[in-house]
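A.B. asks: Have a look at this one.
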Amino acid sequence: MSEEIHPRVLLKRLEQRARRRFGQHFLARPGIVTRIVRAARVEPGDRVVEVGPGLGILTRALLAAGADLTAIELDRDMAEFIREEHPDVRLIEGDAMRVNLDEELPGSGWKVVANLPYNVGTRLMLNWVDMPDRFESLTVMLQKEVVDRILADPGTRAYGSLTVQMRARAKARMICAVPPAAFYPPPKVDSAVIQLFPHVPDLGGVPSAHFDRVVRAAFSQRRKTLRNALSALFDRDVVDAALTQTGIDGQIRGEMLDLDAFRAISAQLPE
Ligand code: SAH
């Protein structure tokens, strides 16, 4: 890794610039790349999908670890660069949000590794975490604030619908925090690498769409009591019956409920 060329130098050589439109912030610290690849536990022959390879710093580390690598890149120039430099990478040129997964990433056991623009990254996580059969793990760089929300404890400010929806679907662990200076050009916010292991949502028979609706309603107005927040979606007497059934105090706020409590109250509310 020590011979990695700094992205500023590589861009210049390629007569390219970091494109804001594609949220390009290239990793410039080999040490962080190593940590990501190690955390992803890539073994020779593993099917890995890298989203947004860019100038290929992670790509090279994944190949060195023996990954059977598929990469998805939206920027035509970056895609061309990867294709030329790394002909053994299967490259899909296009938007990761629009890839036909059944065709391009068939079967199971895929490991996802990505340093993507943060808006795309969060949406992609939310979508892909819902496919535990396809994805074994997702190891991704996100905005630190989003990682903190995913890992938050009930009753804290960061705890919200993203926390609960993710917690129902995946085990999550923090890999490391990453400062802006680790990228070129540096982003305005702190970043962090998180790892998610998706599983079939354990909701005791409650359909996940219904569960998500209840969770979002509970957090829709953070200063409201749980009873009032849920009453925006269900009749008040239905809400009161559900609260009585579950023994949950309707005067508390949604952010006090853990996953078990959300599961219980969802089961008592009509779909
Ligand atoms: N992984 C590289 C590049 C990070 S910059 C590194 O760590 O250095 C983000 C990369 O994601 C860029 O290459 C950008 O072109 C690509 N990208 C942005 N939006 C994308 C999308 N919707 N689908 C696939 N790739 C995307």
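First residue of the sequence shown: -14, per this note's numbering; consecutive thereafter.
The beta-carbon is built from N, C-alpha and C at its ideal position, and this holds for glycine as well.
1) Expressed to the nearest angstrom, what Euclidean distance is found between the alpha-carbon atoms of His(-9) and Pro15?
2) Name the one or two DSSP bridge partners that Pro183 has.
3) Would you say Ala217 faces chain B, with C-beta separation under 7 Å as the test?
4) Measure the beta-carbon distance from Phe204 to Gly239 and round it to whole angstroms, keeping in mind my assumption that it falls under 8 Å.
5) To test your reading of the DSSP string, which unbroken alpha helix (DSSP H) runs of 4 or more residues are found completely within the segment 183 to 234?
6) Between Phe11 and the ligand HEM, is there a pair consisting of the residue's CB and a ligand heavy atom that are separated by less than 6 Å?
7) Quick one: residues in its chain with C-beta nearer than 6 Å to the C-beta of Pro165, no 5 flanking neighbours on either side, listed in chain order?
8) Roughly how many angstroms lie between the CA atoms of Gly190 and Asn112, to the nearest whole one?
9) Is it buried or exposed for Asn85, if we count other Cβ within 10 angstroms and need 16 for buried?
10) Measure how close the beta-carbons of Ala167 and Leu12 come, nearest whole angstrom, since I'm counting them as under 8 Å.
11) Using only the alpha-carbon positions, how far apart do Val18 and Ser193 sit?
12) Suppose you measure from the CA of Asp328 to the CA of Ala50; what does that come to, to the nearest Å?
13) Should Met110 be counted as a contact of the ligand SAH given a C-beta to heavy atom distance under 6 Å?
14) Exposed or buried, what is Lys96 when buried is set at 16 or more other beta-carbons lying within 10 Å of its beta-carbon?
15) Applying the criterion that 16 or more other CB atoms from any shown protein chain within 10 Å of the CB defines a buried residue, is Asp286 buried or exposed?
16) Between Arg119 and Gly8, what straight-line distance do the alpha-carbon atoms span, to the nearest angstrom?
17) With a threshold of 6 Å (Cβ to nearest heavy atom), would Asn100 be considered close to the ligand SAH?
18) Does DSSP classify Asn85 as helix, strand or coil?
19) Look up Arg4 in the DSSP assignment and say whether it is helix, strand or coil.
20) Spell out a yes or no on whether the segment 147 to 154 and the segment 223 to 231 are touching, meaning 3 or more CB-CB pairs, one atom from each, closer than 8 Å.
21) CB of Met63 to nearest heavy atom of the ligand SAH: below 6 Å?
22) Since Glu58 contacts Glu78 with CB under 8 Å, what's their CB separation in whole angstroms?
23) For the ligand SAH, is there a heavy atom less than 6 Å away from the beta-carbon of Gly37?
24) Please specify which runs of the alpha helix (DSSP H), each continuous and at least 4 residues long, are wholly inside the segment 60 to 138, giving them in chain order.
25) Beta carbon of Val105: closer than 6 Å to some heavy atom of the ligand SAH?
26) Would Val34 and Leu90 be called neighbours here (beta carbons separated by less than 7 Å)?
27) At a threshold of 6 Å, does Gly16 count as lining the ligand SAH (C-beta to nearest heavy atom)?
C.D. replies: Reading it off the structure:
1) 10 Å
2) Ala155
3) The question asks about chain B, but that chain is absent: this structure has only one protein chain.
4) 5 Å
5) 193 to 205, 211 to 215 and 221 to 231
6) This structure simply doesn't include the ligand HEM; it includes the ligand SAH instead.
7) Pro171 and Pro172
8) 20 Å
9) exposed
10) 6 Å
11) 35 Å
12) Residue 328 lies beyond the residue range present for the chain, which begins at -14 and ends at 256; the question has no answer from this structure.
13) no
14) buried
15) Residue 286 falls outside the range modelled here, since the chain spans only -14 to 256, and no answer is possible.
16) 27 Å
17) yes
18) coil
19) coil
20) no
21) yes
22) 6 Å
23) yes
24) 61 to 70, 86 to 89, 103 to 113 and 129 to 136
25) yes
26) yes
27) no
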